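Following: one structure in structure tokens, then a few remarks.
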Amino acid sequence: MTGHISPEICKLTRLSSLIITDWQGVSGVIPRCLSSLSFLRIIDLTDNRIAGEIPPSLTNVTGLMQLDLRNNRISGPMPKNLGRLQMLSRALLSGNQLSGPIPVSICGIYRLVDLDLSHNELSGPIPESLGRMKVLSTLKLESNKLSGKIPPSLLGSSISELNLSHNMLEGNIPDSFGGSCYYTLLDLSYNNLKGPLPKSMSSASYIGYLDVSHNHLCGPIPSSYSNTDASSFAYNDCLCGKPLKAC
């Protein structure tokens, strides 16, 4: 299937789901008139060639529960008023050319469970309030141009899959782990992080996959991670202890 999404689709005033995925030939832009479809709950346009910006007016669809625009050619900033989408549980925007900062308003979406902004060109700091979202369990921000420090709230949150790799983050890894931390994945690799591994890391109840490689970390690896694969700690300035060389 080729062509574009016609604005004529907006005449379907009771449309609840717009799903056009994996066609790879659908191009053009997201019709602005979608903002008039008050019954719309799902927008899934993954794996196409859709370009242009995310229409700011899309935040008028306040009943939207899933927004999936992965692997397109969408560019420009994220809408500042994304926080208006209070029913949104999944925002999957990876594999595009989005730029500018992560809008702080997104942290006010109390139902948001999965947020994937990876493989874009987003810049600026990670909003501190992302770590205070009550039900957020997946946060994927890898392969962007994010800078600044890792907010301490992120490492003491309910997030179970956290990927911040391949950015320009700096400073120390916050010493804010706790017994409630349960990570299936924690990837902080390929940044500019420095200093020691935080002592509180040992208090996390579970870290299934850990990667802090390709940073500037230094100091002993906590003994609780002595059986972790050495590649998880490789290419740092002076980390030592099992599974690397002795200190």
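In this note's numbering, the protein residues as written are 467 to 713. Cβ atoms here follow ideal geometry from the backbone N, Cα and C, with glycine treated the same way. The structure displayed is predicted, hence computed values, not measured ones.
- Shown here, lysine 606 sits in a strand according to DSSP, grouped into three states.
- Uninterrupted alpha helix (DSSP H) stretches at least 4 residues long and entirely within the region 505 to 570 do not occur.
- At a cut-off of 3 residues, the continuous stretches assigned as beta strand (DSSP E) that sit fully inside the region 584 to 638 are 587 to 590, 604 to 606, 611 to 615, 627 to 629, 634 to 638.
- In this structure, tyrosine 691 keeps its C-beta atom at 8 Å or more from the C-beta atom of tyrosine 672.
- With respect to the 8 Å criterion, glycine 622 and asparagine 638 are not classified as neighbours on the basis of their beta carbons.
- Cβ neighbours of lysine 477 within its own chain (closer than 6 Å, five residues either side excluded): none.
- Residue Val579 holds the alpha-carbon nearest to the alpha-carbon of threonine 604 among Lys611, Thr528, Asp513, Val579.
- Under the three-state reduction of DSSP, lysine 708 is assigned to coil, being neither helix nor strand.
- Within its own chain, the residues whose Cβ lies closer than 8 Å to the Cβ of lysine 600, once the five positions on either side in sequence are excluded, are Tyr576, Ser624, listed in chain order.
- Distance from the Cα of isoleucine 496 is smallest, within the candidate group Ser504, Ser482, Pro522, Trp489, for Pro522.
- Contact check for asparagine 633 and serine 584: beta-carbon distance about 10 Å, past the 8 Å limit, so the pair fails to qualify.
- Judged by DSSP secondary structure, proline 640 falls outside any beta strand (DSSP E); it is assigned neither H nor E.
- Linking aspartate 695 to aspartate 677 through their CA atoms gives a straight-line distance of about 9 Å.
- Classified as buried, isoleucine 540 has 16 or more neighbouring CB atoms from the shown chains inside 10 Å of its CB.
- The C-beta separation of leucine 558 from arginine 536 comes to about 5 Å, placing the pair in contact by the 8 Å criterion.
- In this structure, the alpha-carbon of glycine 614 lies about 17 Å from that of serine 642.
- Assigned with DSSP and collapsed to three states, isoleucine 673 falls in strand.
- Around the beta carbon of phenylalanine 505, fewer than 16 other beta carbons lie within 10 angstroms, which makes this residue exposed.
- With contacts defined by Cβ atoms closer than 8 Å, alanine 517 and serine 501 do not form a contacting pair.
- Judged by DSSP secondary structure, aspartate 582 falls within the beta strand (DSSP E) whose first and last residues are 580 to 582.
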